[in-house]
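Order-wise, the sequence lines are chains A and B. Number 257 marks the last residue of the first sequence (our numbering); no jumps. Number 1351 marks the last residue of the second sequence (our numbering); no jumps. Where is the CB? At the ideal position from N, CA and C, for every residue including glycine.
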Amino acid sequence: MSILRADNITMRFGGLVAVSKFDMTLNEGEIVGLIGPNGAGKTTAFNMITGVYKPTEGSVFFQDDKRDIDITQSRPDEITKLGVARTFQNIRLFKELSVLDNVLIANHLRLKSDVFSAMLTLPNYRKEEKAMYEKSIHLLEEVGLKELMYEKSTSLPYGKQRRLEIARALATNPKVLLLDEPAAGMNPKESLELMDFIADIRERFKLTIFMIEHHMQVVMGICERIFVLDHGITIAQGTPSEIQNNEKVIEAYLGVD
Amino acid sequence: MKKERILLNIGAILGFIILLFIFNKTFDSYQMKILNLCGIYIVLGLSMNLINGFTGLFSLGHAGFMAVGAYTAGLLTMSPAMKEMNFFMKPIIPFLAKVEWPFLPALLMAGVVTAFVGFLIGSPVLKLKDDYLAIATLGFSEIIRVVFVNIQSVTNGALGLKGLPTHTNIWWSWGTAMITIVFMVFLMKSSYGRAFKAIREDEIAAEAMGISLFKHKVMSFTMGAFFAGVGGALLGNLLGTIDPNMFRFVLTFNILLIVVLGGIGSITGTTISAVIVTVAMEVLRVLDETINLGFVQIKGIPGMRMVIFSLLLMIVILFYQQGLLGTNEFSWDWFSKIKGFKKTPKKEVKQ
Ligand SMILES: Nc1ncnc2c1ncn2[C@@H]1O[C@H](COP(=O)(O)OP(=O)(O)OP(=O)(O)O)[C@@H](O)[C@H]1O
Ligand SMILES: [Mg+2]
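Structure (structure tokens):
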């Protein structure tokens, strides 16, 4: 069953067509990759799906139990509330705040207590706060950051910051997780660990994952399907082996890798 | 451990109340006025810190908020006879002519009216960012002032209001200051406070985490406006006289100075710096006046202390952006660290 659908979305910046008629369906539980050379429009596609940009043309739909929700004009926070969370290519943590606070903040969207019961720590809020706290600590434990939870988030080494960003996204209770180059800047060993980690969280959190990744080997190893963008155009899609042997893809990557 | 903290807090508050009693007995009226101003500037500083420091919204509308609060409380508390005397140019609208409220409801109403104004202004301008927001809020503040000059039948125009009941005393000003401190501490400790900080740190990430930027910005702005209104009301009923020209940009600037010096995003820092700045403003008043050293007279330059404060602000911004405390907050652990009689507890979560 499909969970997220981009229907021929196009993004123009002035004269530049960053993404042209991107058409994609994500099925529940899949890991799908999005690859392409620098400037191909991958991040732009993410931004359109998550509401950061409104597509110039086309629509985006989110499906849950038989409902087909048009999220094309929705704000990012509304989309996250529906269950689509993301990470960023250039890590965007809440820099001055602790590791734990970073994750706690991502629980805020599900908070039911109003601001006054929160301030007065009335029983209903106290219960929610406790649950948020426990959930966050549990999440940090799962991603191996519990020991560092009182550290300032930017004091973590790079690889751990990426993990924290994923943990933070998970704290929003997503159904779909979008990862923008999660292995960027990592050495081969670290990125292999990260891939295991991603496969693992998919199982445990019953996620559908859509990820951008530069490292071909990494994507090939983990993704079930792959989309290839070049200059905004989807030049290929298919299984890793199909992609590996696709002439257009080889051509597009020739100058790059 | 936690109980111990609560006891310490209650003890500190009681100690402070006793101190206020002593001040109340020993200070002369000039010193009392400064003490009152300190309390009021804590309220004002904290309200601006909520908007600018914790939520990261560059707002410069404080003088406008204070004007709304001061006029609301002033008109509600002033006696009908006094109103008749004030409004000799143009009579006051009948709706306000007869009211004479006690101070507490007037103070609360000042906050509520200002919060409402903040909400109305906030809804359109909070869509703007950074310098655009600053310009828009600054403009709003000026508009309020000009409107107040022109709605004579409500505000008595440029003549201002004279003979307001001087209800504000140290119990009102410091009582409000304490309530504001407690409010801010509890707010910033809550999930909403964390959401505000998230917006300050990174709007795009905050929104991606499902935080509605607009809702939380308006919330912070409205709450900040409430306390700015209350602060303005306390000020009006302290001085006994208000006119629209009191609420110019310098007033906003003074509060901004407090927030920046204290550390943007620190309740403790703002509180301490509000006291320091208020006292320094008075102490440095000598610079504006002629100093007579006996053998030589130094001509004072009016406005000199503002020059000093502006320089101070520039130095802080250029070399010491953290201000006094950065985003750190007071905690009793400060003492245990100094004395070393307690094992330093596990690293505290940075606020
Ligand atoms: N906000 C914007 N305004 C104008 N042009 C933009 C904007 N965002 C992206 N672009 C342009 O759109 C094109 C696609 O950029 P995008 O960031 O989506 O590429 P990408 O595939 O993610 O590349 P990379 O691998 O370097 O991250 C680029 O030419 C970029 O300069
Ligand atoms: Mg990119």
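**Item:** Any chain A beta carbon closer than 9 Å to B:E1207
**Value:** yes
**Request:** Quick one: residues with CB closer than 5 Å to any heavy atom of ligand 3, in chain order, please.
**Result:** The model on display carries ligand 1 and ligand 2 but not ligand 3.
**Request:** Return the residues of the segment 1183-1200 of chain B that lie within a Cβ-Cβ distance of less than 9 Å from chain A, sorted by chain order.
**Result:** F1183, F1186, L1187, K1189, S1190, S1191, Y1192, G1193, R1194, A1195, K1197, A1198, R1200
**Message:** Between A:Y158 and chain B, is the shortest Cβ-Cβ distance under 9 Å, so that the two count as touching?
**Reply:** no
**Item:** Spatially closest choice to A:M24 from A:L34, A:R204, A:Y133, A:L16, by CA coordinates
**Value:** A:L34
**Asked** What are the residues that DSSP puts in a beta bridge with A:E57?
**Response** A:T10
**Item:** Beta carbon proximity, A:V256 to chain B, threshold 9 Å
**Value:** Bear in mind that the predicted position of A:V256 carries a pLDDT of just 48, short of 50, making it unreliable; the figure below should be weighed with that in mind. No, because no Cβ of chain B sits closer than 9 Å to the Cβ of A:V256.
**Cβ-heavy atom distance, A:D230 to ligand 2, below 8 Å** = no
**Prompt:** Across which residues does DSSP place A:Q63 in a beta bridge pair?
**Reply:** A:D68
**Asked** Which class does A:S98 belong to by DSSP, given the choice of helix, strand or coil?
**Response** strand
**Asked** Tell me which same chain residues have a C-beta within less than 8 Å of the C-beta of B:L1126, skipping the five on either side of it?
**Response** L1057, L1133, F1214, K1217, V1218, F1221
**Message:** Just to confirm my understanding: we take B:D1131, look at its own chain, exclude 5 residues before and 5 after, and list those with CB closer than 8 Å. What are they?
**Reply:** F1058
**Message:** Less than 8 Å separating the Cβ of B:D1202 from some heavy atom of ligand 2?
**Reply:** no
**Item:** Top-ranked residue by Cα proximity to B:I1242, from B:N1169, B:V1277, B:V1068
**Value:** B:V1068
**Request:** Starting from B:Q1031, follow its DSSP beta bridges and name the residues at the other end.
**Result:** Partner(s): none; B:Q1031 has no beta bridge.
**Item:** Identity of the residues DSSP links to B:N1009 by a beta bridge
**Value:** Answer is none; B:N1009 lacks a bridge partner.
**Item:** Complete runs of the alpha helix (DSSP H) confined to the segment 1258-1284 of chain B [at least 4 residues]
**Value:** 1267-1283
**Message:** What does the alpha-carbon distance come out to for the pair A:E57 and A:D7?
**Reply:** 9 Å
**Message:** Within 9 Å of any Cβ in chain B, is that where the Cβ of A:R12 sits?
**Reply:** no
**Prompt:** Along chain A, which residues have their Cβ under 8 Å away from the Cβ of B:T1327?
**Reply:** E96
**Item:** According to DSSP, residues forming a beta bridge with A:D180
**Value:** A:I212
**Request:** Could you list which residues in chain B have their beta carbon closer than 9 Å to that of A:T80, in chain order?
**Result:** E1207, A1208, M1209, G1210, I1211
**Asked** With C-beta atoms as the reference, is A:E129 less than 9 Å away from B:S1191?
**Response** yes
**Message:** Please report the straight-line C-alpha distance between A:L164 and B:L1235, rounded to a whole angstrom.
**Reply:** 47 Å
**Item:** Where the beta strand (DSSP E) through A:D230 begins and ends
**Value:** 225-230
**Prompt:** DSSP state of B:F1088, grouped into three classes?
**Reply:** coil
**Request:** In the DSSP assignment, find the unbroken beta strand (DSSP E) run with A:A40 in it and report its ends.
**Result:** Premise fails: A:A40 is in no beta strand (DSSP E) and is neither H nor E.
**Selected residue, minimal CA-CA separation from B:G1359, among B:S1079, B:N1024, B:L1050** = This structure cannot speak to residue 1359 of chain B, because chain B is shown only from 1001 to 1351.
**Prompt:** Do B:G1269 and B:S1047 have their CB atoms nearer than 9 Å?
**Reply:** no
**Prompt:** Any C-beta of chain A sitting closer than 9 Å to the C-beta of B:D1202?
**Reply:** yes
**Prompt:** Shorter than 9 Å from the beta carbon of B:M1178 to some beta carbon of chain E?
**Reply:** Given the protein chain composition of this structure (A and B), no chain E is represented.
**Item:** Chain-ordered neighbours of A:V115 on chain B, where CB pairs are closer than 8 Å
**Value:** L1187, S1190, Y1192, M1219
**Message:** If we define contact as Cβ-Cβ less than 9 Å, is A:H108 a contact residue for chain B?
**Reply:** yes
**Message:** Report the CB separation of B:G1229 from B:A1136 in whole angstroms; it is logged as a contact under 8 Å.
**Reply:** About 19 Å separates the two Cβ atoms, so there is no contact after all.
**Prompt:** Any C-beta of chain B sitting closer than 9 Å to the C-beta of A:Y53?
**Reply:** no
**Request:** Starting from the beta carbon of A:E181, find every residue of chain B whose beta carbon is closer than 8 Å, and list them in chain order.
**Result:** Those within 8 Å of A:E181 in chain B number zero; the least Cβ separation is about 15 Å.
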